[in-house]
Amino acid sequence: MATLVPSGLFIPHLLRSLLPSSLALHIPDGFLNIPVTVVCWLLAIGLIALCLKRVQADYQERAVPLMGVCAAFIFAAQMINFPLLGGGTSGHLLGGTLAGVLLGPWAGSLVMTVVFIVQSVIFQDGGLTALGANIVNMGLIGTFGGYYLYRAIRKALGRDSWRGVAVGTVVAAWTSVFVAAIVCAIQLGLSGTVQFTIALAALSFWHFFIGIGEAIITVLAVSYVWRTRPDLIYHPPRRMPTIPESVSSQ
């Protein structure tokens, strides 16, 4: 998640001058018009209601503590920024794919929703009126999109193999961040906040690199769980997993 639109050499001066410095996937208040805001809120409310129904019906009681631990970890991890190319620019973990891999898409989306609400209310990281859009971008796309892409790759490469889990996690984590950035640019363009091509250029450029950081952090977290408690992974392996020494030693 970009916390600042950069002033580095990679972005043309015109792009930097027209794009608000606070533009990021955590959309602030006032950046979306009423129609886009309403549509996003309807999608977010529908998503939350469906997730609550599925979690109550399908999940065991032991999943509840794991949801709390996962939410706390993602929230804390999002407070730590990693530097990007260019001065004064940083990114941080989004966590949607990580939540999906550990909890599944339904519980994972609820966890991400709670994280976004706390960030918006307490830390003003994203606006209250734009909360619906942020849930759609980083909950629906980040968690659902990331999880189902991960699952497809894991199934293709081996459900019980570390290679399937690792490749699926890396690809899904990067893709979820990049696609969420594109959708965010579309929302801003439809709202007239900034020209679509400008928003798309800036968000896609920087979230290409932020996605790499997301993929690295996510696969390291998943590798630790795979090595120590593989039963905590959603759809755990059917046999005791092995993990390459080069990864397990990290």
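In terms of my numbering, the sequence shown has 1014 at position 219, counting the first letter as 1, and numbering is strictly consecutive. We treat Cβ as the ideally placed atom computed from N, Cα and C, and that holds for glycine.
(request) Give the DSSP-derived three-state secondary structure of His887 in the structure shown. (result) Note: His887 maps to strand in three-state DSSP.
(request) Report the three-state DSSP secondary structure of Thr1023 (helix, strand or coil). (result) helix
(message) Using a Cβ distance threshold of 8 angstroms, determine whether the region 951-962 contacts the region 983-998, with at least three qualifying pairs required.
(response) No contact exists between the region 951-962 and the region 983-998.
(message) Using 8 angstroms as the threshold, is the C-beta distance between Ile948 and Val962 below it?
(response) Contact: yes.
(message) Give me, in chain order, the residues of the same chain whose beta-carbon lies closer than 6 angstroms to that of Gly895; leave out the 5 immediate sequence neighbours on both sides.
(response) Gly903, Thr938, Gly941, Tyr942
(message) Spatial neighbours of Gly959 within its chain, please: C-beta separation below 6 angstroms, excluding the five flanking residues on both sides.
(response) If the five residues before and after Gly959 are omitted, its C-beta is found closer than 6 angstroms to the C-beta atoms of Arg949, Leu952, Gly953, all from its own chain and listed in chain order.
(message) Tell me the rounded alpha-carbon separation between Ala866 and Cys846.
(response) 16 angstroms
(request) Tell me whether Ala968 counts as near the ligand FAD, meaning its Cβ is closer than 7 angstroms to at least one heavy atom of that ligand. (result) By its list of ligands, the structure shown contains no ligand whatsoever, and the ligand FAD lies outside what it can speak to.
(request) Give every residue of the same chain whose Cβ lies closer than 6 angstroms to the Cβ of Thr892, excluding the five residues on either side of it in the sequence, and list them in chain order. (result) Gly941, Ala967, Ala968, Ser971, Thr1013
(message) At 4 residues or longer, what runs of the alpha helix (DSSP H) sit wholly inside the region 824-874?
(response) 829-853, 858-873
(request) Can you tell me which of the three DSSP states Leu926 falls into? (result) helix
(message) Just to confirm before moving on: does the CB-CB distance between Gly927 and Thr832 stay below 8 angstroms?
(response) Cβ atoms of Gly927 and Thr832: closer than 8 angstroms.
(request) Please go through the same chain and pick out, in chain order, the residues whose beta-carbon is closer than 7 angstroms to the beta-carbon of Ile1028, but skip the five residues on each side of it. (result) Val896, Leu897, Val1020, Trp1021
(message) Going by DSSP, what residue range makes up the alpha helix (DSSP H) through Arg946?
(response) 941-952
(request) Measure the alpha-carbon distance for Phe870 versus Phe991 and round it to whole angstroms. (result) 30 angstroms
(request) Look at the Cβ atom of Gln914, then the Cβ atom of Gly921, and state whether they are nearer than 8 angstroms. (result) yes
(message) Here's a check: name, in chain order, each residue in its chain whose Cβ is nearer than 8 angstroms to the Cβ of Asp853, leaving out the five neighbours to either side.
(response) Trp901
(message) Need the endpoints of the alpha helix (DSSP H) that Met907 sits in, please.
(response) Per DSSP, Met907 belongs to the alpha helix (DSSP H) from 900-917.
(request) Tell me, to the nearest whole angstrom, how far the beta carbon of Gly934 is from that of Thr964; I am working on the premise that it is less than 8 angstroms. (result) 18 angstroms between Cβ atoms; not a contact.
(request) Tell me whether Ile822 sits in a helix, a strand or coil according to DSSP, three-state version. (result) coil
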